[in-house]
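Worksheet for the structure shown next.
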Amino acid sequence: MSLPYAEPLTLREPADLVVPEPPRRGESGGGPCGACDWSDRADVLWSDEHWHLHNPGSTSLRGAVWLASAEHVDSFSDLSPEGQAGFGVVCAKVDRALLGLGDVARVHLYRWGDGGSHFHVWFLPRPLGRLDMAGHLLPVWEDAMEPLPREEIARTGERIRTAMAAA
Ligand SMILES: [Zn+2]
Numbered sequence: 001m002s003l004p005y006a007e008p009l010t011l012r013e014p015a016d017l018v019v020p021e022p023p024r025r026g027e028s029g030g031g032p033c034g035a036c037d038w039s040d041r042a043d044v045l046w047s048d049e050h051w052h053l054h055n056p057g058s059t060s061l062r063g064a065v066w067l068a069s070a071e072h073v074d075s076f077s078d079l080s081p082e083g084q085a086g087f088g089v090v091c092a093k094v095d096r097a098l099l100g101l102g103d104v105a106r107v108h109l110y111r112w113g114d115g116g117s118h119f120h121v122w123f124l125p126r127p128l129g130r131l132d133m134a135g136h137l138l139p140v141w142e143d144a145m146e147p148l149p150r151e152e153i154a155r156t157g158e159r160i161r162t163a164m165a166a167a
């Protein structure tokens with residue numbers, strides 16, 4: 001694992017605590033929830049009654065997508081029992097669709113939740129052979145690298161849409 005920056009980096013102290021924390025998108029005072037108003041969005045590649053899968057507006061990783069719950073909840077434990085039970089099945093479909101793009105070594109899944117309060121996870125495919133990007137630093141590489149052209153993100157999204165429809 002490595003960072004996309006030259007060494008030596010210097011360690012810094014954590015910032016001061018901010019309590020209470022500022023509201024996130026979708027919380028009172030934090031701006032509208034972009035994931036609740038999703039049904040007519042062109043970036044939705046697939047959906048069912050519990051989940052919708054989105055193509056990102058910008059990414060440097062071919063095949064990166066994000067999955068959000070249909071219901072506005074914040075965490076795994078707030079999901080309905082049906083949503084909780086179906087999560088693994090949906091993740092497996094997305095995993096297969098992204099591996100099917102080719103030249104993908106592994107599909108990583110992460111959930112931070114610090115930006116928006118609507119439950120969502122990201123799938124990040126690590127490009128085949130990019131061992132320097134292995135592991136938990138892949139999102140840092142994604143941020144540091146040049147974004148892919150929008151046309152390529154759209155083309156890849158269409159392939160994922162087709163694979164999800166066939167799954
Ligand atoms: Zn929401």
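Sequential numbering from 1 applies to the sequence shown in full-length UniProt numbering. Idealized CB from N, CA, C, for every residue including glycine.
Item                                                                                                 : Value
CB-CB length for H54 against S69, believed under 8 Å                                                 : Actually they do not touch by this definition, with Cβ atoms about 12 Å apart.
Bridge-paired residues (DSSP) for F123                                                               : V65, L109
Delimiting residues of the alpha helix (DSSP H) encompassing V18                                     : V18 -> no alpha helix (DSSP H), and no H or E assigned at all.
Beta bridge counterpart(s) of D47 as assigned by DSSP                                                : For the record, residue 47 in the displayed sequence is Ser; it is not Asp. DSSP output for S47 lists H52 as bridge partner(s).
R24 vs D114 beta-carbon contact at 8 Å                                                               : yes
Backbone secondary structure at V104 - three-state DSSP                                              : strand
Reduced DSSP secondary structure (H/G/I, E/B, other) of G29                                          : coil
The alpha helix (DSSP H) enclosing V90, as first and last residue numbers                            : 81-99
Close Cβ partners of R62 (< 6 Å) along its chain, the five nearest in sequence each way excluded     : T156
Secondary structure of residue 221, DSSP reduced to three states                                     : With the chain represented from 1 up to 167, any question about residue 221 goes unanswered, as that position is not in the structure.
Member of V140, D43, D95, E7 whose CA lies at the smallest distance from the CA of H108              : D95
Any residue whose CB is nearer than 6 Å to a heavy atom belonging to ligand 1, listed in chain order : G26, C33, A35, C36, H72, H118
Cα-Cα separation, A6 to R150                                                                         : 29 Å
Closest Cα partner of M145 within the set S60, C33, L17                                              : S60
G135 - DSSP class collapsed to helix/strand/coil                                                     : helix
Closest residue to L3 among V44, E82, C36, G135 (Cα-Cα distance)                                     : G135
Straight-line gap, P81 to P14 (C-alpha atoms, nearest Å)                                             : 38 Å
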